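Colleague: The sequence shown runs contiguously to residue 1088 in the numbering used here.
For glycine and all other residues, C-beta sits at the position ideal for the given N, C-alpha and C.
The structure displayed is predicted, hence computed values, not measured ones.
Encoded as structure tokens, here's the structure I'll be asking about.
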Amino acid sequence: MKGFGLLAAFALAGVASAQSVIATPDNSAKLRQVGAEVLFWSQPQRDQNFREMEKIFPGHVVKAGAKVRPLPNGKPLPIAETDVKAGLADLNIAGLIVVQDGKVRLERYGLGYGADGRWTSFSVAKSFTSTLVGAAIRDGYIKSIDDPVTRYIPDLAGGGYDGVTVRQLLTMTSGVKWNEDYTDPKSDVARMFSDPVPAGQDPTVWYMKKLPRESTPGTKWVYKTGETNLIGVLVERATKKSLADYLTEKVWKPWGMERDAFWMTNPAGSEVSGCCLSVSLRDYARMGMFALSGGKGVVPDGWFASATTNQVPIPKDEGGFGYGYQWWTMPGGRFAALGIFGQSIMVDPAKKLVVVMSGSWPTATAEKLSAERAEFWKKIEAAAE
704 MKGFGLLAAF ALAGVASAQS VIATPDNSAK LRQVGAEVLF WSQPQRDQNF
754 REMEKIFPGH VVKAGAKVRP LPNGKPLPIA ETDVKAGLAD LNIAGLIVVQ
804 DGKVRLERYG LGYGADGRWT SFSVAKSFTS TLVGAAIRDG YIKSIDDPVT
854 RYIPDLAGGG YDGVTVRQLL TMTSGVKWNE DYTDPKSDVA RMFSDPVPAG
904 QDPTVWYMKK LPRESTPGTK WVYKTGETNL IGVLVERATK KSLADYLTEK
954 VWKPWGMERD AFWMTNPAGS EVSGCCLSVS LRDYARMGMF ALSGGKGVVP
1004 DGWFASATTN QVPIPKDEGG FGYGYQWWTM PGGRFAALGI FGQSIMVDPA
1054 KKLVVVMSGS WPTATAEKLS AERAEFWKKI EAAAE
């Protein structure tokens, strides 16, 4: 499968911003250096830094409220301990939690991570961002996902996004040409925040407007982290609120998240909506439960049913996965939020099951590790009968 995130975000997040809560003139050079090296961190660096991103990069806080949604212990999952230990070791898992029918059936930590910490999400954040679109529709900030994107981001007009709808952004079927190759320094994902931006211009909009169209909107799926970043711009402009504040208002406080989250910001001081949320393991599980619940009162009725149903023609090399509104879809009605280096929230509605894995894979993506994770999921699901 494609690499599920914006590795270039770390380079961009290392640029000091006046609105950042971490970066300062004294440490901005260090941040730029570290940001450029994230792809090449050693395994010990990954194991440590993935749980301490707020100490390295600028960002905003998503605030938890006073009332916490309980996650009581349930009946222990009847899975062989040897299978659990093997899965934790083979996938270099820092955090694993299995919640069924609102109760914790298995919870494990490693790599110095614990229940009071946070772990980076990479592109798991995309599913959080798309949920804010649903909230903005229910709140009346966005009229319809069939509206043209230029209604909300008028400075995109005159480029490849003319005639593209919000729905086509959500499903990554805009028809705009994009290269997500993290190993290519000339790829769009690598250059997006490195090209000079005129003063007063949003860096995401400035870059995306220059991209050419390669196919008719709605006909071809291409994984584009840049388009999730555009979704973030759209929500921010429609609501006139930062994504961190809107996520606090619509999900974190009302749904009872236990801990504050951290959302990395770009050079303009806006959240990198295509990745880079740091969240506690139990709150990742609560987000899965929120999606499983349908998000009543926050998103329109039926939003998650559509968001987690395959909406697009996925290439055969995606391993049987489909794509909804920034959620990956799987056989049997299951769906998942996925991020590079082993991050995942897998939801099985039929079993009222949420499985979260926070990992530190040795490579951003790997067919072997993806296959091993899928097998571990199967063992967990089988035990959850």
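Residues in the same chain with beta-carbon distance under 6 Å from ASN932, minus the five sequence neighbours each way, listed in chain order, please.
Modeller: As a first step, residue 932 must be located in the sequence shown, where it is residue number 229. THR907, SER976 and GLY977, listed in sequence order.
Colleague: How is GLU1078 classed by DSSP in three states: helix, strand or coil?
Modeller: In the sequence shown, counting from the first residue as 1, residue 1078 sits at position 375. Note: GLU1078 maps to helix in three-state DSSP.
Colleague: Which ranges does the beta strand (DSSP E) cover as unbroken runs of at least 3 residues, wholly within the stretch 1026 to 1056, from first to last along the chain?
Modeller: Here the runs fully enclosed are 1038 to 1042 and 1046 to 1051.
Colleague: For ALA1008, count neighbouring C-beta atoms within 10 Å of its own C-beta (all shown protein chains included) and say buried if the count is 16 or more, exposed if not.
Modeller: Counted from its first residue, the sequence shown places residue 1008 at position 305. Burial call: exposed.
Colleague: Could you compute how far the alpha carbon of ALA828 sits from the alpha carbon of TRP1064?
Modeller: Position 125 of the sequence shown, counted from the first residue, corresponds to residue 828. Position 361 of the sequence shown, counted from the first residue, corresponds to residue 1064. Whole-angstrom Cα-Cα distance: 18 Å.
Colleague: Starting from PHE760, trace the alpha helix (DSSP H) both ways and give me its first and last residue.
Modeller: Your numbering for residue 760 matches position 57 in the sequence shown. No alpha helix (DSSP H) contains PHE760, which DSSP labels as neither H nor E.
Colleague: Just the Cα atoms here: how many angstroms apart are PRO728 and ASN1013?
Modeller: Sequence index remark: in the sequence shown, residue 728 carries index 25 (1-based). Sequence index remark: in the sequence shown, residue 1013 carries index 310 (1-based). The predicted model places PRO728 with a pLDDT of 37, which falls under 50 and marks its position as unreliable, so this point remains unresolved.
Colleague: Just reading off the alpha helix (DSSP H) that LYS829 is part of, what are its end residues?
Modeller: By one-based count along the sequence shown, residue 829 stands at place 126. Counting along the chain, the alpha helix (DSSP H) containing LYS829 begins and ends at 828 to 841.
Colleague: Cβ atoms of GLY862 and LYS912: under 7 Å apart, would you say?
Modeller: Locating residue 912 in the sequence shown gives position 209, where the first residue counts as 1. Locating residue 862 in the sequence shown gives position 159, where the first residue counts as 1. Going by C-beta atoms, LYS912 is nearer than 7 Å to GLY862.
Colleague: May I have a chain-ordered list of the beta strand (DSSP E) segments no shorter than 3 residues that lie completely inside the stretch 797 to 826?
Modeller: 806 to 812, all fully within the stretch 797 to 826.
Colleague: Which stretch, first to last residue, makes up the beta strand (DSSP E) that contains LEU980?
Modeller: Sequence index remark: in the sequence shown, residue 980 carries index 277 (1-based). That run of the beta strand (DSSP E) goes 980 to 982.
Colleague: What separation, rounded to the nearest whole angstrom, lies between the Cα atoms of LYS758 and THR886?
Modeller: Mapped onto the sequence shown, residue 758 falls at position 55. Mapped onto the sequence shown, residue 886 falls at position 183. Each residue's alpha carbon lies about 26 Å from the other.
Colleague: Tell me, please, whether the stretch 783 to 793 touches the stretch 940 to 947 by the rule of three or more beta-carbon pairs shorter than 8 Å.
Modeller: These segments do not touch.
Colleague: Which of the three DSSP states is assigned to GLU1070 in this structure?
Modeller: By 1-based counting over the sequence shown, the position of residue 1070 is 367. Three-state DSSP puts GLU1070 in a helix.
Colleague: With ILE796 and MET1060 assumed to form a contact (beta carbons below 8 Å), what rounded beta-carbon distance in angstroms separates them?
Modeller: Here residue 796 refers to the residue found at position 93 of the sequence shown. Here residue 1060 refers to the residue found at position 357 of the sequence shown. About 6 Å; that satisfies the 8 Å criterion.
Colleague: Given this structure, state the Cα-to-Cα distance separating VAL982 from LEU794, to the nearest angstrom.
Modeller: For the purposes of this step, residue 982 is identified with residue 279 of the sequence shown, where counting begins at 1. For the purposes of this step, residue 794 is identified with residue 91 of the sequence shown, where counting begins at 1. Each residue's Cα considered, the two are about 19 Å apart.
Colleague: Once DSSP output is grouped into helix, strand and coil, what is the label at ARG870?
Modeller: Here residue 870 is taken as the residue at index 167 of the sequence shown, counted from 1. Correct three-state label for ARG870: helix.
Colleague: Output the boundary residues of the alpha helix (DSSP H) element that contains MET1147.
Modeller: What the structure shows of the chain is the stretch from 704 to 1088, and residue 1147 is not part of that stretch, so it cannot be assessed.
Colleague: Which same chain residues end up closer than 7 Å to GLU1088 when comparing Cβ atoms and leaving out the 5 residues on each side of it in sequence?
Modeller: Taking the sequence shown and counting its residues from 1, one reaches residue 1088 at position 385. Cβ neighbours of GLU1088 beyond the five flanking positions: none.
Colleague: When the distance is taken between beta carbons, is GLY762 closer than 7 Å to THR832?
Modeller: Here the question's residue 832 lines up with position 129 in the sequence shown. Here the question's residue 762 lines up with position 59 in the sequence shown. Contact flag unset, no.
Colleague: How about VAL802 and ALA988: do their beta carbons lie closer than 7 Å?
Modeller: Taking the sequence shown and counting its residues from 1, the one referred to as residue 802 is at position 99. Taking the sequence shown and counting its residues from 1, the one referred to as residue 988 is at position 285. Taking 7 Å as the Cβ cut-off, VAL802 and ALA988 qualify as a contacting pair.
Colleague: Could you tell me the alpha carbon to alpha carbon distance between ALA726 and GLY777, rounded to whole angstroms?
Modeller: Mapped onto the sequence shown, residue 726 falls at position 23. Mapped onto the sequence shown, residue 777 falls at position 74. The pLDDT assigned to ALA726 is 35, lower than 50, so where the model puts this residue is not dependable, and the model offers no usable value.
Colleague: With TYR1026 and ALA941 assumed to form a contact (beta carbons below 8 Å), what rounded beta-carbon distance in angstroms separates them?
Modeller: For this step, residue 1026 is matched to residue 323 along the sequence shown. For this step, residue 941 is matched to residue 238 along the sequence shown. Not confirmed; about 23 Å, so no contact.
Colleague: Take ALA1069 and list the residues in its own chain whose beta-carbon comes closer than 8 Å to its own, dropping the five residues that flank it on each side.
Modeller: For the purposes of this step, residue 1069 is taken as the residue at position 366 of the sequence shown. Answer for ALA1069: no residue qualifies.
Colleague: Can you find at least 3 beta carbon pairs, one from the stretch 948 to 967 and one from the stretch 764 to 771, that sit closer than 8 Å?
Modeller: Segments in contact, yes.
Colleague: Roughly how many whole angstroms lie between the Cα atoms of VAL900 and SER1073?
Modeller: As a working note, residue 900 is residue 197 in the sequence shown. As a working note, residue 1073 is residue 370 in the sequence shown. About 37 Å.
Colleague: Where do the N-terminal and C-terminal ends of the alpha helix (DSSP H) with ALA941 fall, by residue?
Modeller: The residue given as residue 941 occupies position 238 in the sequence shown. First-last of the alpha helix (DSSP H) with ALA941: 928 to 942.
Colleague: When DSSP builds the beta bridges, which residues end up paired with ASN776?
Modeller: Counted from its first residue, the sequence shown places residue 776 at position 73. Paired residue(s): VAL807.
Colleague: Helix, strand or coil: which one does DSSP assign to GLY1062?
Modeller: As a working mapping, residue 1062 is identified with position 359 in the sequence shown. Note: GLY1062 maps to strand in three-state DSSP.
Colleague: Please work out which residues of its chain come closer than 7 Å, Cβ to Cβ, to GLN1029, disregarding the five sequence neighbours upstream and downstream, and give them in chain order.
Modeller: In the sequence shown, counting from the first residue as 1, residue 1029 sits at position 326. The residues are LYS829, SER830, THR832, SER833, LEU873 and THR931.
Colleague: Give a yes or no on whether the C-beta atoms belonging to TRP1080 and MET1033 are separated by under 7 Å.
Modeller: Translated into the one-based positions of the sequence shown, residue 1080 becomes position 377. Translated into the one-based positions of the sequence shown, residue 1033 becomes position 330. Going by C-beta atoms, TRP1080 is not nearer than 7 Å to MET1033.
Colleague: So is ALA1077 buried or exposed if we call it buried at 16+ other beta carbons inside 10 Å?
Modeller: Translated into the one-based positions of the sequence shown, residue 1077 becomes position 374. Exposed, by the Cβ-count rule.
Colleague: What does DSSP give as the partner residues of THR968 in its beta bridges?
Modeller: Locating residue 968 in the sequence shown gives position 265, counting from the first residue. Beta-bridge pairing links THR968 to GLU974.
Colleague: Could you have a look at ARG962 and say whether DSSP puts it in helix, strand or coil?
Modeller: Here residue 962 refers to the residue found at position 259 when the sequence shown is read from its first residue. Note: ARG962 maps to coil in three-state DSSP.
Colleague: Would you kindly report the start and end of the unbroken alpha helix (DSSP H) that includes TYR1171?
Modeller: Nothing can be reported for residue 1171: it is not among the residues displayed for the chain, which extend from 704 to 1088.
Colleague: Where does LYS953 sit, in a helix, a strand or coil, going by DSSP?
Modeller: Working through the sequence shown from its first residue, we reach residue 953 at position 250. LYS953: helix per DSSP, three-state reduction.
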